[in-house]
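Trainee: This is the structure I have questions about; it appears just below.
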Amino acid sequence: MGCVAAMLVGGLGAASPCDATERLVVHPGQSIQRVVDRAKPGDTVFVRPGLYRESVVIRKSRVHLVGAGHKTVISPGRKRAENACGKAGSGICVIGAGDRTLRDVSIRSLTVKGFKKNGIWASRTDRLRVHDVAARHNGVWGIAQEKSTRGVFRDNVVTGNGDSGIFLANTVKEEGGATDTRGATVTENYLAKNRIGITVRRVRNLTVAHNTITGNCGGVFVVGDESRPRAGELAVRNNTIVKNNKHCAGNSRLPFIQGSGIVLTGAEKTVVRRNLIRDNVGKSPLSGGIVLFHSFVKTANERNLIIDNLVLHNKPVDLANRDPKGKGNRFVHNICRTSEPAGLCRRQEVHGMHLSSTGE
1 MGCVAAMLVG GLGAASPCDA TERLVVHPGQ SIQRVVDRAK PGDTVFVRPG LYRESVVIRK
61 SRVHLVGAGH KTVISPGRKR AENACGKAGS GICVIGAGDR TLRDVSIRSL TVKGFKKNGI
121 WASRTDRLRV HDVAARHNGV WGIAQEKSTR GVFRDNVVTG NGDSGIFLAN TVKEEGGATD
181 TRGATVTENY LAKNRIGITV RRVRNLTVAH NTITGNCGGV FVVGDESRPR AGELAVRNNT
241 IVKNNKHCAG NSRLPFIQGS GIVLTGAEKT VVRRNLIRDN VGKSPLSGGI VLFHSFVKTA
301 NERNLIIDNL VLHNKPVDLA NRDPKGKGNR FVHNICRTSE PAGLCRRQEV HGMHLSSTGE
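Residue numbers (full-length UniProt numbering): 1 to 360.
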């Protein structure tokens, strides 16, 4: 029976069978990619427990890739990669093309590990959701996204990746002003033994909250440069950032990293609030509990607010403003013992003057 005939029989108010979504099941030994290619917008591709040696590209909106938990494992194939995602060295790719943005794709309840580049890579997406994913031991980023808006990254375990565990940027290969992410969120993730736990680079309007970040070289990096719009208008709040004391070599943009809790470099109007930051120890210019540091192109931090944080037992100091040209950066009601310059703990410090906690 055709779609039109079915609608006439069922009545014009009935749901069309042509609009029905499907649950497509992948079993061990089968190709996830082949099933994803068959999926229509709205379909769920459910992957049974097992090891799947392949890379997967999603190029359709509203496709949902769901595993059976962390025992559904996607890792590199033994043969030459067949699709663009695998050829680029990544595990799962969600890719819009040209001006076409992919919308409402989700990836949930699986493990992606051992890829030369990224565990999950997304570009030109809106409302991408990555939930309950384990991204382990990938060469660059565990979970990464560019040119995208309203992403939700929640309750993931991201460990042992070569660069950032979670990485969000305006664009990776081109220069340009910060992207308004329209409220993207990175929440309730566990990030350990990466180079940096979470990096947000040249983006705006984003929240990083309620994450546990430990055993990395650095915890959270908010990165901007001279581009306009500036990176900023972010919230970094209610995170637990402890013992990020691995040593990672520097590069052309940053010195070596060790013992960094939260670092703002070239950012503006970012609020760092109610984080627990302790026992981050190192000897890098970026070491310390919360650090303001000029960007690699000497762009200063401006109008950032560091407020109500518990910052203890970090070395060389708990709070550090190493950006003397920065303007309007405030440290308010933070509980700490050491700061650079002295006097930032439990009082408000505005660049160039001291104020009481009331601002008087």
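Even glycine gets a Cβ: it sits at the ideal position worked out from N, Cα and C.
Round the Cβ separation of Asn161 and Asn189 to the nearest angstrom and send it over; I've been treating them as touching at under 8 Å.
Mentor: Rounded, the Cβ-Cβ distance is 12 Å, inconsistent with contact.
Trainee: Enumerated in chain order, which unbroken segments of the alpha helix (DSSP H) with a length of 4 residues or greater are wholly contained in the region 9-73?
Mentor: List check, alpha helix (DSSP H) in window: 32-38.
Trainee: May I ask which residues mark the beginning and end of the alpha helix (DSSP H) holding Ala209?
Mentor: No alpha helix (DSSP H) holds Ala209; the beta strand (DSSP E) holding it covers 203-209.
Trainee: Can you give me the C-alpha to C-alpha distance between Val297 and Asp225, rounded to a whole angstrom?
Mentor: Using only the alpha carbons, I get a separation of about 7 Å.
Trainee: Just to confirm the assignment, what range does the beta strand (DSSP E) spanning Gly165 have?
Mentor: That run of the beta strand (DSSP E) goes 164-169.
Trainee: Provide the residue span of the beta strand (DSSP E) that contains Cys93, from first to last.
Mentor: Its beta strand (DSSP E) spans residues 92-95.
Trainee: Do you know offhand how far Asn83's Cα is from Val57's?
Mentor: For Asn83 and Val57, the distance between alpha carbons rounds to 7 Å.
Trainee: With DSSP as the reference, identify every bridge partner of His131, one or two as the case may be.
Mentor: In DSSP, His131 forms a bridge with Arg108, Arg154.
Trainee: By Cβ distance, which residues of its chain are closer than 6 Å to Ser356, with the 5 residues on each side in sequence left out?
Mentor: Reliability fails at Ser356, whose pLDDT of 34 lies under 50, so the model's placement of it is uncertain and no value is given.
Trainee: Closest to Val72 by C-alpha separation, out of Lys113, Gly96, Pro285, would be which residue?
Mentor: This sequence places Thr at residue 72; Val is not what is there. Residue Lys113 is the option with its Cα nearest to Thr72.
Trainee: Taking Cβ positions, are residue 362 and Arg303 nearer each other than 9 Å?
Mentor: Outside the modelled stretch of the chain, which goes from 1 to 360, sits residue 362, for which no answer is possible.
Trainee: Work out the CA separation of Asp99 and Ala134 for me, nearest whole Å.
Mentor: Their Cα atoms are separated by approximately 31 Å.
Trainee: Which term fits His247, buried or exposed, when burial requires 16 or more other beta carbons within 10 angstroms of its beta carbon?
Mentor: Exposed, by the Cβ-count rule.
Trainee: Looking at the secondary structure, which residues open and close the beta strand (DSSP E) in which Gly86 lies?
Mentor: Element bounds for Gly86: not the beta strand (DSSP E) but the alpha helix (DSSP H), 84-87.
Trainee: Let's test the definition: count the other Cβ atoms within 10 Å of the Cβ of His27 and tell me whether it reaches 16, buried, or not, exposed.
Mentor: It is exposed - the Cβ of His27 has fewer than 16 other Cβ atoms within 10 Å.
Trainee: When you compare only the Cα positions, how much space is there between Arg78 and Asp37?
Mentor: One C-alpha to the other measures close to 21 Å.
Trainee: Are the Cβ atoms of Ile257 and Ile196 separated by less than 9 Å?
Mentor: In this structure, Ile196 lies closer than 9 Å to Ile257 by Cβ.
Trainee: Which of the three DSSP states is assigned to Trp141 in this structure?
Mentor: Trp141 falls in the coil class under three-state DSSP.
Trainee: May I ask which residues mark the beginning and end of the beta strand (DSSP E) holding Ile307?
Mentor: It spans 305-307 - the beta strand (DSSP E) in which Ile307 sits, taken as one unbroken run.
Trainee: What do you reckon, are the CB atoms on Cys217 and Asn244 nearer than 9 Å?
Mentor: Their beta carbons are under 9 Å apart, which means Cys217 touches Asn244 by this criterion.
Trainee: From Val271, Ser284, Thr214, Val242, pick the residue whose C-alpha is nearest to that of Gly250; which is it?
Mentor: Among Val271, Ser284, Thr214, Val242, the Cα nearest to that of Gly250 belongs to Ser284.
Trainee: Please state whether the Cβ-Cβ distance between Thr125 and Ser148 is less than 9 Å.
Mentor: Contact flag set, yes.
Trainee: From the DSSP output, read off the bridge partner residues of Val172.
Mentor: According to DSSP, Val172 bridges with nothing at all.
Trainee: Go ahead and pull the three-state DSSP assignment for Cys248.
Mentor: Residue state, collapsed to three classes: strand.
Trainee: Write down the C-beta distance between Gly266 and Ser287 rounded to the nearest angstrom, noting that I regard them as a contact closer than 8 Å.
Mentor: Not a contact, Cβ separation roughly 18 Å.
Trainee: Could you check the C-alpha separation between Val158 and Leu110 for me, to the nearest Å?
Mentor: Cα to Cα, Val158 sits roughly 12 Å from Leu110.
Trainee: Please state whether DSSP places Gly326 in a helix, a strand or coil.
Mentor: DSSP places Gly326 in coil when its eight states are reduced to three.
Trainee: Nearest CA to the CA of Cys336: which residue from Pro324, Lys325, Arg322, Lys315?
Mentor: The candidate whose alpha carbon is nearest that of Cys336 is Lys315.
Trainee: Please report the straight-line C-alpha distance between Gly91 and Thr21, rounded to a whole angstrom.
Mentor: About 26 Å.
Trainee: Which of the three DSSP states is assigned to Arg273 in this structure?
Mentor: Arg273: strand per DSSP, three-state reduction.
Trainee: Kindly identify the DSSP beta-bridge partner or partners of Gly232.
Mentor: BP columns for Gly232 point to Arg204, Glu268.
Trainee: Between His333, Lys327, Asn194, Glu146, which has its C-alpha nearest Leu102's C-alpha?
Mentor: Of His333, Lys327, Asn194, Glu146, the residue nearest in Cα terms is Glu146.
Trainee: Name the residue from Val172, Thr338, Arg346, Val222 whose alpha carbon lies nearest to the alpha carbon of Ser123.
Mentor: That would be Val172, whose Cα lies nearest to the Cα of Ser123.
Trainee: Can you give me the start and stop residues for the beta strand (DSSP E) that Leu254 sits inside?
Mentor: Counting along the chain, Leu254 falls outside any beta strand (DSSP E), and DSSP gives it neither H nor E.
Trainee: Kindly list the residues whose CB is nearer than 7 Å to the CB of Val25, restricted to its own chain and excluding five residues on each side of it in sequence; keep chain order.
Mentor: The answer, listed in chain order, is Phe46, Arg48.
Trainee: Excluding five sequence neighbours on each side, which residues of the same chain lie with their C-beta closer than 7 Å to the C-beta of Ser61?
Mentor: Cβ within range, chain order: Pro41, Leu102, Arg103, Asp104, Val105.
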